[in-house]
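Numbering (the working numbering), first residue to last: 832 to 1174.
Cβ atoms here follow ideal geometry from the backbone N, Cα and C, with glycine treated the same way.
Every value quoted in this text rests on a predicted model; they were computed, and no experiment measured them.
Structure record follows, encoded as structure tokens.
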């Protein structure tokens, strides 16, 4: 396994780091899309976050990493059958899965297929889980997501909507849980993302190459230090990464108790109405992201200050194109925030 660059050592890109932490605290937000220039630390940040995530408890021997404390509806068929018979499963601590979905992957590799070895040697029809099964309860990372083939996009949309993967082929018919945080990165110059998939991402982040000299120098110096002695560099940043891990654990535990006052709900709705976002997914994402940010910062309630900080990533990709307004979506969100919530 390659050594990941420490998350705490990433310089700048504050909105990207905040969005990834928010999504880690509350997976129901719907994942993170990171679009921007090449070489701005997109994949570095995602892999760095994966390396510091707290471990999770899973059923021993389960191909899908089912949670032993989950309700029957969230378990795979095998774990559900054992639970119905009153069999208490053995469990152990495992790393949160972070699965890469390569652009050239076949549909069988992604959604799963017939286990040909068992079919040929034992004459049994058995399912070989794919990448969606491995990503259950973790992260599914797609680099260059805007270049993903249409048939894989269709499969992802179905699973993202239902939280289940349905496989029907070669006489097999099987369902298994597939709930994961979808994380995508890409360069907008290489093509746009399909609107249906874009809408499935809870947060959208824009990253740019740093334009100030001190930041650029610091980024290059830290990366060079990491490349020259990776174990020593990771050890140097271990304590700061540990603090972020503790912050995520504390936020996950505190999240159910964080309240969203009516005033915050009203302000979120006003902002979405002012921007003309379609549907109510914008408000829901905005509220969930504000609540998760409040939990990360140890606050008991989500307020307008939290809304203001998550407004751009939660809403910039949900705006209709206005032919009379040449400003970008980020500027439009910032303008609406300043008008509704003056300092």
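Cβ-Cβ separation, residue j to residue i (assumed contact under 8 Å), whole Å
| i | j | result |
| --- | --- | --- |
| residue 1099 | residue 1127 | So it is not a contact: roughly 18 Å between Cβ atoms. |
| residue 1132 | residue 1092 | 6 Å |
| residue 987 | residue 962 | The pair is not a contact, with the Cβ atoms about 10 Å apart (cut-off 8 Å). |
| residue 1046 | residue 842 | 6 Å |
| residue 1116 | residue 1085 | The pair is not a contact, with the Cβ atoms about 20 Å apart (cut-off 8 Å). |
Range covered by the alpha helix (DSSP H) that runs through residue i
| i | result |
| --- | --- |
| residue 924 | Counting along the chain, residue 924 falls outside any alpha helix (DSSP H), though it belongs to the beta strand (DSSP E) covering 922-925. |
| residue 976 | Careful: residue 976 lies outside any alpha helix (DSSP H) and carries neither H nor E. |
| residue 845 | 845-856 |
| residue 1136 | 1135-1146 |
| residue 1118 | 1112-1127 |
| residue 1161 | 1160-1171 |
| residue 965 | 962-965 |
| residue 1026 | 1026-1029 |
Burial state of residue i, where buried means 16 or more other Cβ atoms lie within 10 Å
| i | result |
| --- | --- |
| residue 1114 | buried |
| residue 848 | buried |
| residue 921 | exposed |
| residue 1033 | buried |
| residue 967 | buried |
| residue 1148 | buried |
| residue 1035 | buried |
| residue 834 | exposed |
| residue 879 | buried |
| residue 993 | exposed |
| residue 1037 | buried |
| residue 844 | buried |
| residue 1004 | exposed |
| residue 923 | exposed |
| residue 1079 | buried |
| residue 1129 | exposed |
| residue 1075 | buried |
| residue 1150 | buried |
| residue 875 | buried |
| residue 1163 | buried |
| residue 850 | buried |
| residue 933 | exposed |
| residue 1154 | Residue placement at residue 1154 is flagged as unreliable, the pLDDT there being 47, under the threshold of 50; the coordinate-derived value follows with that caveat. The residue in question, residue 1154, is exposed, as its Cβ has fewer than 16 Cβ neighbours within 10 Å. |
| residue 867 | buried |
| residue 1111 | exposed |
| residue 1055 | exposed |
| residue 1010 | buried |
| residue 1040 | exposed |
| residue 906 | buried |
| residue 870 | exposed |
| residue 1070 | exposed |
| residue 1109 | exposed |
Short Cβ contact (7 Å threshold) for residue i with residue j
| i | j | result |
| --- | --- | --- |
| residue 1119 | residue 857 | yes |
| residue 983 | residue 929 | no |
| residue 860 | residue 972 | no |
| residue 1031 | residue 991 | yes |
| residue 975 | residue 1017 | yes |
| residue 1014 | residue 862 | yes |
| residue 884 | residue 853 | no |
| residue 894 | residue 1053 | no |
| residue 1020 | residue 1006 | no |
| residue 1089 | residue 1142 | no |
| residue 837 | residue 1072 | yes |
| residue 944 | residue 959 | yes |
| residue 865 | residue 889 | no |
| residue 970 | residue 1012 | yes |
| residue 917 | residue 977 | no |
| residue 903 | residue 911 | yes |
| residue 1167 | residue 1106 | yes |
| residue 1101 | residue 1171 | yes |
Range of the contiguous beta strand (DSSP E) that encloses residue i
| i | result |
| --- | --- |
| residue 1016 | 1012-1017 |
| residue 866 | 863-867 |
| residue 984 | Counting along the chain, residue 984 falls outside any beta strand (DSSP E), though it belongs to the alpha helix (DSSP H) covering 981-993. |
| residue 1035 | 1034-1038 |
Short CB-CB distance (under 7 Å) between residue i and chain B
| i | result |
| --- | --- |
| residue 1161 | Among the protein chains of the structure shown there is no chain B, as only one such chain exists. |
Which ranges would you report for the alpha helix (DSSP H) in the segment 875-949 if only whole runs of at least 4 residues count? With a minimum length of 4 residues, the continuous alpha helix (DSSP H) runs that stay inside the segment 875-949 are 908-915, 938-942.
Continuous alpha helix (DSSP H) assignments of at least 4 residues falling wholly in the segment 1051-1099: 1061-1067, 1069-1085
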